[in-house]
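Taking it in order: structure first as structure tokens, then the write-up.
Protein chains: 2
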Amino acid sequence: MRAVLDCIPCIIRQGLNTARLATDDPKVQREILDRIMQELIGTPLTGTPGDHSNVAYRVVREVTGVDDPYYELKRKYNRIALELYPRLKELVVSSEDPLHTAVKLAAAGNVIDLGIGVQFDVEREVEEVLRTPFSVDHFPGFVEELERAERLIYIGDNAGEIVFDKVLIEEIRKEADCEVTFVVRGGPCINDALREDAEEVGMEEVARVIDTGSDGIGIPWADVSEEFKEEFLKADVRIAKGQGNFETLSERSDPIYFILKAKCEAVARELGVGYGEVVFKRHPAAPPRSSLSPPS
Amino acid sequence: MRAVLDCIPCIIRQGLNTARLATDDPKVQREILDRIMQELIGTPLTGTPGDHSNVAYRVVREVTGVDDPYYELKRKYNRIALELYPRLKELVVSSEDPLHTAVKLAAAGNVIDLGIGVQFDVEREVEEVLRTPFSVDHFPGFVEELERAERLIYIGDNAGEIVFDKVLIEEIRKEADCEVTFVVRGGPCINDALREDAEEVGMEEVARVIDTGSDGIGIPWADVSEEFKEEFLKADVRIAKGQGNFETLSERSDPIYFILKAKCEAVARELGVGYGEVVFKRHPAAPPRSSLSPPS
Chain A
1 MRAVLDCIPC IIRQGLNTAR LATDDPKVQR EILDRIMQEL IGTPLTGTPG
51 DHSNVAYRVV REVTGVDDPY YELKRKYNRI ALELYPRLKE LVVSSEDPLH
101 TAVKLAAAGN VIDLGIGVQF DVEREVEEVL RTPFSVDHFP GFVEELERAE
151 RLIYIGDNAG EIVFDKVLIE EIRKEADCEV TFVVRGGPCI NDALREDAEE
201 VGMEEVARVI DTGSDGIGIP WADVSEEFKE EFLKADVRIA KGQGNFETLS
251 ERSDPIYFIL KAKCEAVARE LGVGYGEVVF KRHPAAPPRS SLSPPS
Chain B
1001 MRAVLDCIPC IIRQGLNTAR LATDDPKVQR EILDRIMQEL IGTPLTGTPG
1051 DHSNVAYRVV REVTGVDDPY YELKRKYNRI ALELYPRLKE LVVSSEDPLH
1101 TAVKLAAAGN VIDLGIGVQF DVEREVEEVL RTPFSVDHFP GFVEELERAE
1151 RLIYIGDNAG EIVFDKVLIE EIRKEADCEV TFVVRGGPCI NDALREDAEE
1201 VGMEEVARVI DTGSDGIGIP WADVSEEFKE EFLKADVRIA KGQGNFETLS
1251 ERSDPIYFIL KAKCEAVARE LGVGYGEVVF KRHPAAPPRS SLSPPS
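Line order of the protein sequences matches chains A and B.
According to my numbering, the first sequence is numbered sequentially starting from 1.
According to my numbering, the second sequence is numbered sequentially starting from 1001.
In structure tokens form, the structure reads like this:
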């Protein structure tokens, strides 16, 4: 999707949130805001929201020299999520449809997004998401595609959240005899999971871990590695978590199951749902079931 | 209170909301955002949030030539609130403490704030505010001061909301034999009530109506009329509604009863309450009851 005018104040707010993690000096924080505004003025919004948000994070890096302002927070949220892991497994095991519950938990994990600056309470949100039906739920089609899958790619989002992703991948592997590749960012990018986060939560036990080759938000196609592109293109089932991945992948024709909470009006509009709603959406939509071609 | 760094993205968002009312042309909307950013860069945040927000509204006016972008919305919200008026009176009359209920309704009216861009539903919010106790409630002291009051000044906020203010003023006049002056802005200022709004809701039936002499947000002391200042200073009870009035009056030593919902983190912090909470707060706080001096 293309960035919209609403992205401009949002990018500046993201810059402020990040500046406050990188420095305690209000003068430096202000310098960061001024430089972000300077860069935004006159810049046509031709890219995705993620492309334009990258400016905010780059400016924080340039001004403060801090390469990974969310480093400590990522440790903290991995720890919180790992403490929750036994409870998540219990919820899955005790449910009527473990795979569907695991998809819902993966969505619940997406509320853990520090970059966007909204207050949250992990446990309460988990229960809330489990209780609330998805606004769009393409689960039946997913189960069908999964049965025939040979290669599944799963593009992660935030630290902490990846513990929830691991729970879903464990259920996927029970249902399908397919190779699973989990994707992290190639370098510090907001609070997004990197290789060290994947290691911290033991993701290698359930999936091959690769990175995008880029420290840009989501999947900036012009900037990601050939290895990533190859894995992405040859996968027969693709899952992508969170807004950054949706913003940067929503215009591709390759079918992707997006799991995310619409954390801003622009993304909600693009998804065709209400602000704050949570979806499990195949995009582009699947053809009618009867016309699905057999696996090649 | 002084503006904080969080005000910067917020001012730009206010500019965007207002630009969209003043013009349908996205290029002009973008020009407005760029000009607001240009003005903000390097400007020290020495004023109140309201002082700095004025920039956004001035730029919209300069670029589009539209003097009062909220004109139609103000008509609409006066109409909605007037339709609600019989129900508000009913709620007051049927309650155990009509004056306290009227104060709560005046607070409920403050959720009608189009400038801040949050979705709302008037009736639901009214019931919600009535149900929820104020986070700070200086009602007992207010009743005491009201008994001895000779001149009360009531500084309004938004169109629509002033219908709720009228309901409170009607209750005040039942309790206290005092002159009541109701204050509107001196010129178009977001969706704030002007003289025509006061006329539209029949405010003159219950109060003398004056204006601030300024089209600035809240009470920009350097810019308001002598008539306003005189009325303000000689009043023995002062009520001020909403964030704009709080932001611009919170550093004055004259005691004021603020009725508002904390619609941003910075104002919540200044009030010492949580984001989204609603207060009826005397500021500065009253001296202990026993030491109150008799009326002069």
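Glycine included, every Cβ here is placed at the ideal spot set by N, Cα and C.
As the structure is a prediction and not an experimental result, all values here were calculated from the model.
DSSP state of residue i mapped onto helix, strand, coil
i	result
Phe228(A)	helix
Asp1025(B)	coil
Arg1252(B)	coil
Asp300(A)	For chain A, the structure presents residues 1 to 296; residue 300(A) sits outside this window and is missing.
Asn297(A)	For chain A, the structure presents residues 1 to 296; residue 297(A) sits outside this window and is missing.
Asn1017(B)	helix
Val1129(B)	helix
Val273(A)	coil
Asn1191(B)	coil
Thr101(A)	helix
Ala3(A)	coil
Cys10(A)	helix
Pro44(A)	coil
Chain A contact for residue i (CB, 8 Å cutoff)
i	result
Leu1194(B)	no
Leu1073(B)	no
Arg1013(B)	yes
Arg1269(B)	no
Leu1016(B)	yes
Met1037(B)	yes
Asp1006(B)	yes
Cutoff 8 Å: residue i Cβ touching any chain B Cβ
i	result
Ile217(A)	no
Pro26(A)	yes
Asp165(A)	no
Pro49(A)	no
Arg30(A)	yes
Asp236(A)	no
Leu21(A)	no
Glu277(A)	no
Partner residues on chain A for residue i, Cβ-Cβ distance less than 8 Å
i	result
Gly1042(B)	Asp34
Under 8 Å between C-beta atoms of residue i and residue j
i	j	result
Gln14(A)	Arg20(A)	no
Asn245(A)	Ala193(A)	no
Ile259(A)	Asn110(A)	yes
Val66(A)	Val60(A)	yes
Lys1241(B)	Gly1156(B)	yes
Leu5(A)	Leu1088(B)	no
Glu144(A)	Asp236(A)	no
Asp1223(B)	Arg1185(B)	no
Leu1040(B)	Met203(A)	no
Arg172(A)	Leu130(A)	Here residue 172(A) is Ile; the residue named in the question, Arg, does not match the sequence. In this structure, Leu130(A) does not lie closer than 8 Å to Ile172(A) by Cβ.
Met1001(B)	Glu1251(B)	yes
Thr300(A)	Ala107(A)	The structure shown has nothing for residue 300(A), since chain A only spans 1 to 296.
Asp215(A)	Ile162(A)	no
Ile256(A)	His283(A)	yes
Glu1247(B)	Val1279(B)	no
Asn191(A)	Leu73(A)	yes
Residues bridged to residue i [DSSP beta-bridge criterion]
i	result
Tyr257(A)	Ile239(A) and Arg282(A)
Leu152(A)	Val180(A) and Val237(A)
Val63(A)	Paired residue(s): none; Val63(A) is not in a bridge.
Val1209(B)	Phe1182(B)
Asp137(A)	Phe280(A)
Asn245(A)	Paired residues: none, contrary to the question.
Asn1158(B)	Asp1192(B)
Within chain A, the residues that residue i reaches when beta carbons sit closer than 9 Å
i	result
Met1001(B)	In chain order: nothing, as chain A lies at least about 16 Å away.
Per-residue contacts from residue i into chain A (C-beta, under 7 Å)
i	result
Pro1009(B)	Pro9, Ile12, Arg13 and Leu16
Near the ligand SAM: residue i beta-carbon under 7 Å from a heavy atom
i	result
His1283(B)	Because no ligand of any kind appears in the structure shown, any question about the ligand SAM cannot be addressed here.
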